[in-house]
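Following: one structure in structure tokens, then a few remarks.
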Amino acid sequence: MERAERIKKVPPYLFALIDKKKREAIAKGVDIISFGIGDPDQPTPSQIVDKMCEAVRQPKNHRYPDYEGSPEFRAAAAAWYKKRFDVTLDPASEIMTLIGSKEGIAHIFLAFVDPGDVTLIPDPAYPVYKLGTLFANGVAHYMPLKAENKFLPDFSAIPTDVAKRAKIMFLNYPNNPTAAVADLKFFAEAVDYCKQYDIILCHDNAYSEMAYDGYQPPSILQVPGAKDIAVEFASLSKPFNMTGWRIGFAAGCSEVIAGLGIVKTNVDSGQFTAVQDAGIEALTNIDPGFIPGMNKLYQTRRDVLIDGLNSLGWQMEKSKATFYVWAPVPAGYDSMSFTEAMLEKCGIIVVPGVGYGPSGEGFVRFALTLDESRIREAIGRMKQNLSL
Ligand SMILES: *Cc1c(COP(=O)(O)O)cnc(C)c1O
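In our numbering, the protein residues as written are 7 to 394.
Structure below.
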């Protein structure tokens, strides 16, 4: 059976080799410590779960949802933006509920990218930007994120003819996988650049609430005039431990939201209204101590991991946001061989940086979604078994 060209172009599953080795190790009885998956290990707060239980029982929620999202959820999302970022959004035209932000990120390319159109994609990055481009038969142009530029793209390095053919640019700060952050000055530069070349600016803000040492990540929509060309993807997954629930939203430029809406109304039929009701509870009524409490937990884990790595010879600064640590590999390794050594010699899973794009070479990603005691144990195993 012949698969479509766009599917044939999907890169081979990065984790296939690691998975095989992992299964072998488990079969041998190795106690694996996994820093692999960026998925919160703590449960969804019970106040959200209770709201969901109540909402599931309501017959009005059993019918098809409003495709673009319930008016109540969109109003709650707009109110959250106002409170959190002092950004004013019209719930009817500038907010759209998503079945997880990934759904909107993948679909936006179908709304705006014709075959051969260019998209400007960070490298390394969350893989969906590249795959979304591929599924729309577009051409991804990488914007390398380099340590010497604090993992921000250099817009002046994009050739003018590429910029002229570009339809969409994606940015993501706080960043997965590098844990880098961006300030409003950088976002303003991005808005200027995209306006100059008539490019839709998409900002993935999945980690806006996950930050440390008093840092508060901004919204790109805080840049004056950003709404003319920019949309931001917000997700309830990471801040509220709700990855399994599939709830997020797009916010910003009404023309872009409308285009995305045409794809969505013809592909899915919106998110279960009860899940949106639970989302309203999260955005509106969450215990004010919840997010700071989660961040304290991740910050402690970050400190244990980075202090531990630094005691083994790394020289890393502490990341200000996300639950990732983007660590350079030691001399003599590349990102794949270090990943293999960690698994074979220490029973530790990390993700090779090249899995996120060619500029991820030389790095591995640790996710802080495991207990502090396991992180300490991992550092101990590295000390004992790797000759660093
Ligand atoms: C986790 C993640 C998302 C997606 O989250 P959803 O669960 O689909 O809302 C989006 N972007 C990045 C960079 C992520 O790491």
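Cβ atoms here follow ideal geometry from the backbone N, Cα and C, with glycine treated the same way.
Can you round the beta-carbon distance between residue i and residue j to whole angstroms, since I take them to be within the 8 Å contact cut?
| i | j | result |
| --- | --- | --- |
| histidine 113 | isoleucine 127 | Contact flag wrong, Cβ pair sits at about 16 Å. |
| aspartate 96 | threonine 375 | So it is not a contact: roughly 36 Å between Cβ atoms. |
| phenylalanine 369 | proline 334 | 6 Å |
| phenylalanine 395 | arginine 308 | Shown here, the chain extends from 7 to 394; a query on residue 395 therefore has no answer. |
| aspartate 129 | serine 365 | 5 Å |
| proline 330 | proline 183 | Inspection of the sequence shows that residue 330 is occupied by tyrosine rather than by proline. Yes, they are in contact, since the Cβ atoms of tyrosine 330 and proline 183 sit about 6 Å apart, within 8 Å. |
| proline 51 | aspartate 293 | 7 Å |
| methionine 175 | leucine 207 | 5 Å |
| methionine 216 | threonine 125 | Their Cβ separation, rounded to whole angstroms, is 26 Å, which puts methionine 216 and threonine 125 out of contact at 8 Å. |
| lysine 156 | tyrosine 203 | That belief does not hold up - the Cβ atoms of lysine 156 and tyrosine 203 are roughly 23 Å apart, past 8 Å. |
| valine 145 | phenylalanine 193 | At roughly 25 Å, the Cβ-Cβ gap does not stay under 8 Å, so valine 145 and phenylalanine 193 are not in contact. |
| glutamine 282 | serine 76 | 5 Å |
| phenylalanine 255 | alanine 22 | Rounded, the Cβ-Cβ distance is 33 Å, inconsistent with contact. |
| alanine 196 | leucine 227 | In fact, because the Cβ distance is near 12 Å, the residues do not count as touching under 8 Å. |
Less than 8 Å separating the beta-carbons of residue i and residue j?
| i | j | result |
| --- | --- | --- |
| isoleucine 43 | lysine 28 | no |
| glycine 361 | glutamate 367 | no |
| isoleucine 24 | threonine 279 | no |
| aspartate 210 | phenylalanine 246 | no |
| alanine 188 | serine 107 | no |
| alanine 373 | phenylalanine 41 | yes |
| alanine 117 | glycine 265 | yes |
| glycine 138 | isoleucine 105 | no |
| glycine 131 | tryptophan 332 | For the record, residue 131 in the displayed sequence is alanine; it is not glycine. No; because the gap between Cβ atoms is not below 8 Å, this pair is not in contact. |
| cysteine 259 | lysine 233 | yes |
| tyrosine 179 | proline 121 | no |
For ligand 1, is there any heavy atom lying closer than 7 Å to the beta carbon of residue i?
| i | result |
| --- | --- |
| aspartate 274 | no |
| alanine 256 | no |
| glycine 138 | no |
| threonine 306 | no |
| asparagine 178 | yes |
| asparagine 391 | no |
| threonine 375 | no |
| glycine 285 | no |
| threonine 249 | yes |
| glycine 44 | yes |
| lysine 244 | yes |
| lysine 326 | no |
| lysine 66 | no |
| glycine 361 | no |
| isoleucine 226 | no |
| serine 365 | no |
| asparagine 291 | no |
| glycine 106 | yes |
| isoleucine 114 | no |
| isoleucine 111 | yes |
| asparagine 301 | no |
| tyrosine 221 | no |
| valine 132 | First, the amino acid is wrong: residue 132 is tyrosine here, not valine. Yes; taking the cut-off as 7 Å, the Cβ of tyrosine 132 has a heavy atom of ligand 1 nearer than that. |
| asparagine 182 | yes |
| glycine 99 | The sequence as given places serine at residue 99; glycine does not occur at that position. The answer is no for serine 99. |
| serine 241 | yes |
Is any heavy atom in ligand 2 found nearer than 7 Å to the beta carbon of residue i?
| i | result |
| --- | --- |
| alanine 212 | Ligands present in the displayed structure are limited to ligand 1, and ligand 2 is not among them. |
Can you give me the C-alpha to C-alpha distance between residue i and residue j, rounded to a whole angstrom?
| i | j | result |
| --- | --- | --- |
| valine 93 | aspartate 123 | 31 Å |
| alanine 257 | aspartate 340 | 39 Å |
| glutamate 8 | proline 18 | 17 Å |
| glutamate 109 | arginine 252 | 9 Å |
| glutamate 378 | lysine 302 | 12 Å |
| proline 133 | leucine 315 | 27 Å |
| leucine 190 | threonine 166 | 24 Å |
| glutamate 287 | lysine 34 | 45 Å |
| isoleucine 354 | leucine 318 | 16 Å |
| histidine 68 | valine 16 | 36 Å |
| isoleucine 5 | valine 310 | This structure gives no information on residue 5, because the portion of the chain shown stretches from 7 to 394. |
| leucine 394 | glutamate 154 | 24 Å |
| arginine 80 | glycine 250 | 20 Å |
| aspartate 72 | valine 273 | 14 Å |
| proline 3 | glutamate 78 | Given a span of 7 to 394 for the chain in the structure shown, any question on residue 3 remains unanswerable. |
| alanine 61 | asparagine 391 | 52 Å |
| alanine 31 | isoleucine 381 | 19 Å |
| arginine 90 | glutamate 350 | 45 Å |
| aspartate 313 | threonine 290 | 36 Å |
| lysine 85 | isoleucine 101 | A small correction: the amino acid at residue 85 is alanine; lysine does not occupy that position in the sequence shown. Answer to the nearest angstrom: the Cα atoms are 11 Å apart. |
| lysine 270 | tyrosine 221 | 35 Å |
| lysine 244 | arginine 371 | 17 Å |
| valine 262 | valine 119 | 12 Å |
* Could you tell me which uninterrupted alpha helix (DSSP H) segments, each at least 4 residues in length, are contained entirely in the segment 242-284, listed from first to last along the chain? => 260-273
* **Whole runs of the alpha helix (DSSP H) within the segment 146-220, excluding any shorter than 4 residues** => 166-171 and 190-203
* Asked: Hey, which unbroken runs of the beta strand (DSSP E) at 3 residues or more fall wholly within the segment 291-316?
  -> none
* Length-filtered (4 minimum) alpha helix (DSSP H) runs lying within the segment 103-149 -> 107-118 and 134-141
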